[in-house]
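Novice:
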Amino acid sequence: MVSVQRTKIALLGRNACILKRPCKFMQDTFGLETECAKTLVKSCADCIKSGPKCAWCKQLDYIKQGEPEWKRCDTEAKLKQSFCNETNIIFPSSHHILLANKPLSTNRRHQDQNNVRREPVQVQPQEVQLLLRPGLQHSFQIRFRLAEDYPVDLYYLMDLSYSMNDDLNNVKRLGNSLLRTLRQITSRARIGFGSFVDKTVLPFTNTNPDRLKKPCPEKENQCQPAFGFKHVLSLTENGDEFNHEVAAQNISGNLDQPEGSLDAIMQSVVCGDKIGWGNSTRLLVLTTDAGFHMAGDGKLGSIFEPNDGKCHLDESLTYSKNNEMDYPSVGQVANKLAENNIQAIFAVTKNVELKEIIPKSEVGVLSNDSSNVVELIKGAYNKLSSNVILSHDELPEGITVHYTSDCDGGHTPSPRGICNNVGIGKEVVFTVTVTALECMEKKTFNIGPLGFREKTKVNVETRCQCECDDDLSADKKRCSGHGRINCGACSCDLGYMGHKCDCKVGDKDETHLKEACRPDNMTAECSGQGECTCGQCMCHSGADGRIIYGQYCNCNDRDCEVHNNKLCGGQRNGKCRCNVCICDTGYEGSACQCKISTQACRKGDGSVCSNRGKCECNSCHCQGGYKPPLCETCPGCPSPCPAAASCIECLGFEKGPLRKNCTQSCGHIQHKTVANLTAKKPCRERDSEGCWMVFTMNELNGFDNYGVVILDKRECPEPVSIGAVVGGAFAGVALIGLLILITIKGIMRYQDLQEYKKFEQERSKAAWSENVSPMYQAATTTVLNPNYTGD
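Sequential numbering from 1 applies to the sequence shown in my numbering.
#1: Can the beta-carbon of Thr318 be found closer than 9 Å to that of Phe229?
#2: Leu630: which of Val348, Ile97, Cys466, Gln599 sits nearest, CA to CA?
#3: Do you know how far the Cα of Gly298 is from the Cα of Asp159?
#4: Please report the distance separating the alpha-carbon of Lys701 from that of Pro519.
#5: Using 8 Å as the cut-off, can you tell me whether the segment 420–437 makes contact with the segment 307–323, which would need three or more C-beta pairs spanning the two stretches below that distance?
#6: What residue range does the beta strand (DSSP E) around Tyr706 cover?
#7: Taking only runs of the alpha helix (DSSP H) that begin and end inside the segment 644–671, which ones reach a length of at least 4 residues, in chain order?
#8: Please report the distance separating the alpha-carbon of Val705 from that of Cys617.
#9: Would you call Leu98 buried or exposed, if buried means 16 or more other Cβ atoms sit within 10 Å of its Cβ?
#10: Using 10 angstroms around the beta-carbon of Glu356, count the other beta-carbons present and answer buried if the total reaches 16, otherwise exposed.
#11: For Trp692, list the residues DSSP reports as bridge partners.
#12: Between which two residues does the beta strand (DSSP E) carrying His138 extend?
#13: For Ile9, which residues in the same chain have their Cβ closer than 6 Å to its Cβ, ignoring the five residues on either side in sequence?
#14: Under the assumption that Val152 contacts Ala189 (Cβ atoms under 8 Å), give the Cβ distance between them as a whole number of angstroms.
#15: For Pro642, name the three-state secondary structure that DSSP assigns.
#16: Would you kindly work out how many angstroms separate the C-alpha atoms of Val434 and Val401, rounded to a whole number?
#17: Please state the DSSP three-state secondary structure of Thr7.
#18: Keeping to the same chain, check which residues put their C-beta closer than 6 Å to that of Val783; ignore five residues upstream and five downstream.
#19: The beta strand (DSSP E) spanning Glu763 covers which residue range?
#20: Counting pairs of Cβ atoms below 8 Å between the segment 526–538 and the segment 557–570, do you hit three or more?
#21: Along the chain, which unbroken stretches of the beta strand (DSSP E) at least 3 residues long are found entirely within the segment 126–210?
#22: Mark Arg577 as exposed unless 16 or more other C-beta atoms lie within 10 angstroms of its C-beta, in which case mark it buried.
#23: If you measure between the beta carbons of Ala100 and Glu76, is that distance less than 9 Å?
#24: Under DSSP, the alpha helix (DSSP H) around Phe242 begins and ends at which residues?
#25: Going residue by residue through the segment 563–615, where are the continuous beta strand (DSSP E) segments of at least 3 residues, counting only ones entirely within it?
#26: So Lys378 packs on Thr181, CB below 8 Å; how close in whole Å?
#27: Pull up the distance between the alpha-carbon of Asn554 and that of Lys477, whole angstroms please.
#28: From the DSSP secondary-structure annotation, give me the bridge partner or partners of Val428.
#29: Taking only runs of the alpha helix (DSSP H) that begin and end inside the segment 247–285, which ones reach a length of at least 4 residues, in chain order?
#30: By DSSP, does Lys20 sit in helix, in strand, or in coil?
#31: Look up Lys213 in the DSSP assignment and give the residues it is bridged to.
#32: If we count Cβ pairs, one from each stretch, closer than 8 Å, do we get three or more for the segment 84–96 versus the segment 161–171?
#33: Below 9 Å between beta carbons: does that hold for Cys691 and Cys666?
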């Protein structure tokens, strides 16, 4: 079944107006502002751009001596009250022109008066030109009528994992019955077929070569190799061809339960030339009994490249990037479906929430063997075709669109672009309200019902210039002979300035004079709140009566911060001077909202915020990563011990690389030396001689100031005796040699002992007798001496 349990995806309705930046005319658009702002107004065009309520008086004698030109800019009512003739008031309004407006189709055969067949028209008008005044809403109507006998293209996308084996057998007999059902709706119906399983890498599919060739259980003889998505049959009117191609399909398989449904949908949608989508109602039917993998799951198989939403079918019409690109997201699929005007029907084994996630889609519950798929598709089509949702593609920046729908012939219009239960031949009317928020170049976007290719092309142009029919004969007199009339105001020749072009630039050109009216090149003349006349700013009065002053019209006494709804905290706390609060004695803060006090900022030693911050409104605002309340701790700062090692070596032991200029290099450290150190976690750092130095560091007020206590003894390793090392080496060698000799002697002794034992065993086995050989003669001879008497 298709599941969305792993994520909750909220797609913003395509009917919503998304504003990418603050709306310049938002207050005027909704009637919250009735006055005409006069800032940056120097001409009729500036006036028109400054707000949707603004009008311009082109009357020549309207401006009196000493009055600025911006007084020509005001609301129509106020201009009339100040005696500007109505015929001299310039107020561009919004309107539209129908560029293509073919009538809606009314007969089944879609023939004109000359019996020439033409494509049915379901949306009227087909193209409209909007000329919009920025900030003013303008409305026009779009009509829709669902035509009879409108073509239908249905692409059947089937899960061929092993669990869909019985379903495939039913689908193989589906073609003609499905076409018959569609032809009850339209005589021009086409069907196509595609199949999918999943990515052919672990952990989605067994990658053993034999299992890739036959991923089904051993008992299954007809099994095709594992694959991702395969386009089998382009859209055709031949039901037998559908049956023939589907009959040739075999089941396949994978490892995990979710399938590559989103990969298959994406390729079916974006490969329109391969699928054969026509100018028709486009339906994509997905049948599966399992969930789907989504964006990010590909990382489990070491696939990290995001899905690019493009067609990647190779010559065999198989998805070639199956194992190279990640699965698409549900949002990507929804956008591509809408972009290609394809309506999705999910035929699944359990009702799911995909209908809420993907606009203009339906979900139907399949029976176990998919035997009810034809009725399911018919019911889903009827629901989809009867629900009309007006939508637009991505809007150009600075344009908003709102809809009102009239679904029942003028009864209770709905503030949404949606009509339900719209039957064939029934006309519904949508009122489209478009607002341009600013002046812009020509823009274009499309509006139309979701799931239908027919759209209304909307061309938008803004009216930001004035169309004035000036009296050219008055140029010389009105503009002192040095300019011409432009919408009642003088446009001066080079070298002249002023309301009547009566200010000669002289040695300085207009650029230099204008430079005197701005503090730098990045600022508007007179801060956009006055006029530069002969090098001096003439400030406007604010729309709400505020006084604007300053060398560059950059000051007023109302644009200061507010505290408790009071400017600068109230009259007792401070006063607004040139956009800044000047606090009275005893108060501070950007809005004079605080009484001056440093009590909560002081430490016991009297320092304020440990000299690491500022005390504002009796609260420390720390610097350099230190934290309130007193800027004493810096959780993110590194330990100072390693950096201080060289200074500790020269201060405590007069050694190391800094010993010659220790005072200068280590002046930020106050130190003392002790015989015993009781700190629980002292610093331990090696010096240049390899000895361990033990010390403690206490951060003092300010930055990089420390008090250091140094243990007066270093922990140094004892010097090594060369004689002992050499003697030990020789002794070791001799000992090893002796051990080797003893070992060899022991081995030889052991072998001799074994041989002796063996000899004794052999001798004990011999049976010797004591008979004397006849050849034997004794080895001794006894000779008697005859002369021996025994004495």
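We treat Cβ as the ideally placed atom computed from N, Cα and C, and that holds for glycine.
Specialist: Let me spell this out:
#1: Translated into positions along the sequence shown, residue 318 becomes position 318. Translated into positions along the sequence shown, residue 229 becomes position 229. Yes, these two residues count as a Cβ contact at 9 Å.
#2: Walking along the sequence shown from the start, residue 630 turns up at place 630. When each option's Cα is compared against that of Leu630, the closest is Gln599.
#3: By 1-based counting over the sequence shown, the position of residue 159 is 159. By 1-based counting over the sequence shown, the position of residue 298 is 298. The alpha-carbon atoms of Asp159 and Gly298 are separated by roughly 19 Å.
#4: Taking the first residue of the sequence shown as 1, we reach residue 701 at position 701. Taking the first residue of the sequence shown as 1, we reach residue 519 at position 519. Note that residue 701 corresponds to Asn in the displayed sequence, not to Lys. Their Cα atoms are separated by approximately 41 Å.
#5: At 8 Å Cβ cutoff, the stretches do not touch.
#6: Within the sequence shown, the letter at position 706 stands for residue 706. That run of the beta strand (DSSP E) goes 706–711.
#7: The qualifying runs are 662–665.
#8: Locating residue 705 in the sequence shown gives position 705, where the first residue counts as 1. Locating residue 617 in the sequence shown gives position 617, where the first residue counts as 1. A small fix is needed here, since residue 705 is Asn in this sequence, not Val. Using only the alpha carbons, I get a separation of about 27 Å.
#9: Within the sequence shown, numbered from 1, the residue matching residue 98 stands at position 98. Label assigned to Leu98: exposed.
#10: Mapped onto the sequence shown, residue 356 falls at position 356. Glu356 should be labelled exposed.
#11: Residue 692 sits at position 692 when you count from the first residue of the sequence shown. DSSP lists Arg686, Glu715 as partners of Trp692.
#12: Mapped onto the sequence shown, residue 138 falls at position 138. Here the beta strand (DSSP E) through His138 covers 137–145.
#13: Here residue 9 is taken as the residue at index 9 of the sequence shown, counted from 1. Here the model assigns Ile9 a pLDDT of 32, short of 50, so the residue's position is not dependable, and the following value carries that caveat. Around Ile9: Val330, Ile357.
#14: The sequence position of residue 152 within the sequence shown is 152, counting from 1. The sequence position of residue 189 within the sequence shown is 189, counting from 1. The Cβ separation is near 5 Å, so the contact holds.
#15: One-based indexing of the sequence shown puts residue 642 at position 642. If DSSP states are grouped into helix, strand and coil, Pro642 belongs with the helices.
#16: Position 434 of the sequence shown, counted from the start, is the residue given in the question as residue 434. Position 401 of the sequence shown, counted from the start, is the residue given in the question as residue 401. Computed Cα separation, rounded: 5 Å.
#17: For this step, residue 7 is matched to residue 7 along the sequence shown. Per-residue confidence for Thr7 stands at a pLDDT of 35, beneath the threshold of 50, marking its modelled position as unreliable; the derived number appears in the next sentence. Here Thr7 sits in coil by DSSP.
#18: Taking the sequence shown and counting its residues from 1, one reaches residue 783 at position 783. Excluding positions up to five away in sequence, the list is empty.
#19: Position 763 of the sequence shown, counted from the start, is the residue given in the question as residue 763. Looking at the sequence itself, residue 763 is Arg, so the reference to Glu does not match. No beta strand (DSSP E) contains Arg763, which is instead part of the alpha helix (DSSP H) from 722–765.
#20: no
#21: 127–132, 137–145, 152–159, 189–196
#22: Taking the first residue of the sequence shown as position 1, residue 577 is located at position 577. Exposed is the call here.
#23: Position 100 of the sequence shown, counted from the first residue, corresponds to residue 100. Position 76 of the sequence shown, counted from the first residue, corresponds to residue 76. No, these two residues do not count as a Cβ contact at 9 Å.
#24: The sequence position of residue 242 within the sequence shown is 242, counting from 1. It spans 239–247 - the alpha helix (DSSP H) in which Phe242 sits, taken as one unbroken run.
#25: 574–577, 580–583
#26: Along the sequence shown, one-based indexing puts residue 378 at 378. Along the sequence shown, one-based indexing puts residue 181 at 181. The Cβ separation is near 5 Å, so the contact holds.
#27: Position 554 of the sequence shown, counted from the first residue, corresponds to residue 554. Position 477 of the sequence shown, counted from the first residue, corresponds to residue 477. Rounded to whole angstroms, Asn554 to Lys477 spans 34 Å at the Cα level.
#28: Taking the first residue of the sequence shown as 1, we reach residue 428 at position 428. Bridge partners of Val428: Phe144.
#29: 261–270, 272–275
#30: Translated into the one-based positions of the sequence shown, residue 20 becomes position 20. At Lys20, the pLDDT of 32 sits below 50, so the modelled position is not reliable and the matter cannot be decided from this model.
#31: Here residue 213 refers to the residue found at position 213 of the sequence shown. DSSP lists no partner for Lys213.
#32: no
#33: Taking the sequence shown and counting its residues from 1, the one referred to as residue 691 is at position 691. Taking the sequence shown and counting its residues from 1, the one referred to as residue 666 is at position 666. Against a cut-off of 9 Å, the Cβ pair of Cys666 and Cys691 comes out as no contact.
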